[in-house]
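J.:
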Amino acid sequence: MKAPSTLLVVVAFFSIYVIWGSTYMLNKVAVAELPPFFLASIRFTSAGLLIFIIAKLLGKSLAITRKQIQNTFIVGVLFLSFGNGIIVWALKYVDSGFAALEISAQPLVVLLLMWLLQGKRIKPMSLVGVALGILGIFLLVAQKQLIAQEGTVLGMVMIFACMLSWAYGSLFVGKADLPKNFFVNTGYQMFTAGITLAVASFLFGEEWIAPKEWGAHVQWSMILLIIFGSIVAFTSFNYLLKTVSPDKVATSTYVNPIIALILGWYILNEEITTQSIIAAAVLLTGVYFINTTKTTVTVPRFSGKVKKNGKF
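All residue numbers for the sequence shown refer to the numbering used here, where the first residue is 162 and numbers rise by one.
1) Tell me the DSSP secondary structure of Y400 in three-state form.
2) With 16 as the cutoff for other CB atoms within 10 Å, does D338 come out buried or exposed?
3) Distance, Cα to Cα, R227 vs F234?
4) Return the CA-CA distance between I180 and L386, expressed in angstroms with no decimal places.
5) According to the neighbour-count rule (16 or more other Cβ atoms, all chains shown, within 10 Å of its Cβ), is A421 buried or exposed?
6) For the 8 Å Cβ check, are there 3 or more pairs between the stretch 216 to 225 and the stretch 315 to 330?
7) Verify whether the separation of the beta carbon atoms of Y449 and Y400 is less than 8 Å.
8) Could you give the DSSP three-state label for E263: helix, strand or coil?
9) Alpha carbon to alpha carbon, how far is A173 from W426? Give it in angstroms, no decimals.
10) Any contact of the stretch 232 to 247 with the stretch 340 to 356, i.e. 3+ C-beta pairs under 8 Å?
11) On the three-state DSSP scale, how would you describe F395?
12) Can you tell me the Cα-Cα spacing of G316 and Y254, whole angstroms?
13) Quick one: grab the DSSP three-state call for R204.
14) Assign T412 to one of three DSSP states: helix, strand, or coil.
15) For the alpha helix (DSSP H) holding S176, just list the boundary residues, first then last.
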């Protein structure tokens with residue numbers, strides 16, 4: 162098998178590290194002006210259509226079975242309609258760096274769901290990771306100056322609900338009949354999620370604002386979210402899963418929240434407290450223990466399967 166290009170691997174890691182880490186800040190910028198479900202709908206519908214166009218240019222067939230349509234719809238709702246749409250909504254009330262830190266506990270949630278729903282045995286080292294993860298989350302959400310802000314607690318709870326949705330979606334795709342081509346698979350998930358988010362936006366009475374009426378910073382944020390955050394980074398993620406070990410791909414779990422914290426502080430003037438730094442260190446250490454106990458849990462942003470090796 163031909164060895165992967167070093168340059169491509171470096172660019173792909175940059176994408177999943179920096180681009181995905183920046184999506185929290187970009188969504189925070191856009192949701193300050195646009196309704197959350199409308200914002201997410203535009204992002205994923207546009208990205209899905211672009212993926213379909215690229216797939217056709219690459220000669221890929223878009224034909225899928227009725228069962229695959231049903232499954233891509235379910236996964237799209239779990240990962241994107243609810244999993245991402247609610248995150249965008251929550252960003253109206255919580256800082257982007259805070260949201261990224263809370264979401265970094267995702268492998269912990271996946272591990273616990275595997276234990277509860279599939280009876281997977283949790284090894285002692287993973288139990289240490291779970292304990293550290295829970296402690297890190299407690300330190301993160303127990304900051305009085307954050308809880309005192311209106312809507313923050315609700316935002317925290319809804320982000321956790323999104324993590325449950327992602328975790329269940331990750332287990333669901335492990336057994337679901339989905340299109341074999343990951344690019345086509347993603348296109349259907351994004352497009353169907355974009356449509357359901359548009360319905361949600363309509364039902365919640367959100368105002369639909371024409372792109373020409375958006376501020377320049379929101380227009381640029383949306384372009385970056387669609388092209389880089391939705392297409393480039395996802396393609397890079399799947400490329401890396403095929404060319405390097407899942408353990409290396411899983412390192413994005415640790416880097417993304419750090420990038421999000423730095424960008425939120427530098428660009429949005431978000432406060433980084435000492436307790437947040439301690440919470441981040443404890444939480445990410447817990448995630449490290451979970452990911453290195455002969456098992457790697459890499460949770461896809463948009464589609465794919467949970468990658469796991471060995472036992473918990």
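Built from N, CA and C at the ideal position, the CB exists for glycine as well.
T.: Concretely, from the data shown:
1) In the structure shown, the three-state DSSP call for Y400 is helix.
2) Result: exposed.
3) Rounded to whole angstroms, the separation of the alpha carbons of F234 and R227 is 11 Å.
4) Roughly 9 Å between the two C-alpha positions.
5) It counts as buried.
6) These segments do not touch.
7) No. Outside cutoff.
8) The three-state reading of DSSP puts E263 in helix, counting H, G and I together.
9) Annotation: W426 to A173 spans about 25 Å, alpha carbon to alpha carbon.
10) They touch, by the three-pair rule.
11) Helix, per DSSP.
12) C-alpha of G316 to C-alpha of Y254: approximately 6 Å in a straight line.
13) R204 sits in a helix when the DSSP states are folded into three classes.
14) Coil.
15) Bounds of any alpha helix (DSSP H) do not take in S176, whose DSSP letter is neither H nor E.
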